[in-house]
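See below for the structure under consideration.
See the structure below:
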C-alpha cells in the first residue's frame, strides 16, 4: 500500500510562524520502508495583506514541496475546500499555519493510516494527531504536553489525516460558517454518519503557537467567543441533536456551570484584570489565559443563547 499526501494549510497574515511551519514540513524524516510515495504542501492564502505569497515566491527554492493558491478573504472553510479540490494526493492532512510539527510527523500519520486500514479492512477511518499549545516562538517544540492540551474532539483540522475521497463524499466544509468556530466539527458529524473511525495518533505531534496572552487580547477573545456562540447555533440548526448541544455548550448544565464559576458574570475581564496582569508580569501568561476562560466561556454560553433566541424569533429554529 502506498500513499500520496497533500498537507493542506489555510493561512491569513501569519507569515512569521508560517515559515516555521513550512520549514518543519520540509524537514520530514521518512522511514526506509515508508508507505509515502510523495507529498506536497498545499498553502491556500486567504487574502493575506502581509506579503505571504510574495515571500513564498521569492523563497520557492527553499520549499520544493510547497504549492500555493490564493483566494479573497473568505475564511478557513473555503480555503480548505480549495486546497482539497486542488490537491494531487489521495490523502489529505489538515494542519493550521501556526502549527510546527516534529520530523516524524508525516511518517507517524502514514503508519497509523496503513495499520488502521489493515486492522479495519477498510479505509473508512482518519488519524488524529496530538496538538500541544505553546507561546514559545523561538523554540515551539520545547513545550511539554499539558493537561489543557487534551482534546476529545472527533474531527478537528488542527492535525488530522483522511482519504480525500471521504471528504468529497461528505461534501467538504460548509462555507456558511463564516465567523469563528465549528466548521471542522460540523464536517466531523457528517463523516461520522458515513461510519468513519477515529484513530488517535499521538506520535504525530504538532506544536500550536500563539502569542503570549496579554490583557489587550481580551476584547478580541470575547468577540471570538460570541462568534463561536453564533456559529454553534448554526451547527445545531444543521444537526439538532443533544450531542451537538453538549458540544456548543447549549445546555442548562453549561449555563449553570459557567454562571456559578463566573459568579453570575461578576468574575469578568474588569474584576479579574489585576490578577491576570499580576500573573502575566510573573511570566505565567498561560495560567492567566486559563483563568480568563472562566469569563470567556460565560460570554460563549450567553452568545449561544442570544443567537438561539434570535433564530427562534425569526422562526428558523424549533424549541
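In our numbering, the protein residues as written are 32 to 350.
Just so you know, even glycine gets a beta-carbon here, dropped at the ideal spot from N, CA and C.
Proximity of residue i and residue j at Cβ, strictly below 8 Å
i, j, result
"residue 189", "residue 130", "yes"
"residue 244", "residue 171", "no"
"residue 96", "residue 60", "no"
"residue 145", "residue 281", "no"
"residue 38", "residue 70", "yes"
"residue 162", "residue 237", "yes"
"residue 77", "residue 102", "yes"
"residue 159", "residue 231", "yes"
"residue 275", "residue 195", "no"
"residue 268", "residue 212", "no"
"residue 136", "residue 240", "no"
"residue 181", "residue 219", "no"
"residue 94", "residue 46", "no"
"residue 121", "residue 35", "yes"
"residue 216", "residue 261", "no"
"residue 124", "residue 198", "no"
"residue 303", "residue 322", "yes"
"residue 201", "residue 222", "yes"
"residue 310", "residue 318", "yes"
8 Å Cβ cutoff, residue i in contact with chain C
i, result
"residue 114", "Protein chain content of the structure displayed is limited to a single chain, and chain C is not contained in it."
Where the alpha helix (DSSP H) through residue i begins and ends
i, result
"residue 334", "316 to 344"
"residue 249", "249 to 269"
"residue 311", "304 to 312"
"residue 32", "Residue 32 -> no alpha helix (DSSP H), and no H or E assigned at all."
"residue 216", "214 to 224"
Delimiting residues of the beta strand (DSSP E) encompassing residue i
i, result
"residue 286", "No beta strand (DSSP E) contains residue 286, which is instead part of the alpha helix (DSSP H) from 283 to 292."
"residue 96", "Note, residue 96: premise wrong, no beta strand (DSSP E); not H, not E."
"residue 298", "Premise fails: residue 298 is in no beta strand (DSSP E) and is neither H nor E."
Residues near residue i in its chain [Cβ-Cβ closer than 6 Å; skip 5 each side]
i, result
"residue 206", "108, 109"
"residue 62", "138"
"residue 253", "330"
"residue 75", "41, 100, 110, 113, 114"
"residue 79", "43, 44"
"residue 132", "55, 237"
"residue 320", "244"
"residue 50", "none"
Residue i in three-state terms, based on DSSP
i, result
"residue 229", "strand"
"residue 196", "helix"
"residue 101", "strand"
"residue 109", "helix"
"residue 179", "helix"
"residue 187", "coil"
"residue 86", "helix"
"residue 207", "coil"
Sequence-distant residues of its chain with Cβ nearer than 7 Å to residue i (five each side left out)
i, result
"residue 308", "246"
"residue 228", "151, 155, 156"
"residue 65", "138, 141"
"residue 289", "328, 329, 332"
"residue 174", "163, 165, 167, 238"
"residue 242", "166"
"residue 203", "112, 115"
Own chain residues within Cβ distance below 8 Å of residue i, not counting five before or after
i, result
"residue 256", "327, 328, 330, 331, 334"
"residue 264", "279, 281, 335, 338, 339, 342, 348"
"residue 298", "292, 325, 326"
"residue 134", "55, 58, 59, 60"
beta-carbon residue i near the ligand COA non-hydrogen atom, thresh 7 Å
i, result
"residue 342", "As presented, the structure is devoid of all ligands, the ligand COA included, so that no description of it is given."
Enumerated in chain order, which unbroken segments of the beta strand (DSSP E) with a length of 3 residues or greater are wholly contained in the segment 113 to 170?
122 to 126, 130 to 132, 156 to 165
Going along the chain, which unbroken runs of the beta strand (DSSP E) with 3 or more residues stay wholly within the segment 43 to 77?
67 to 77
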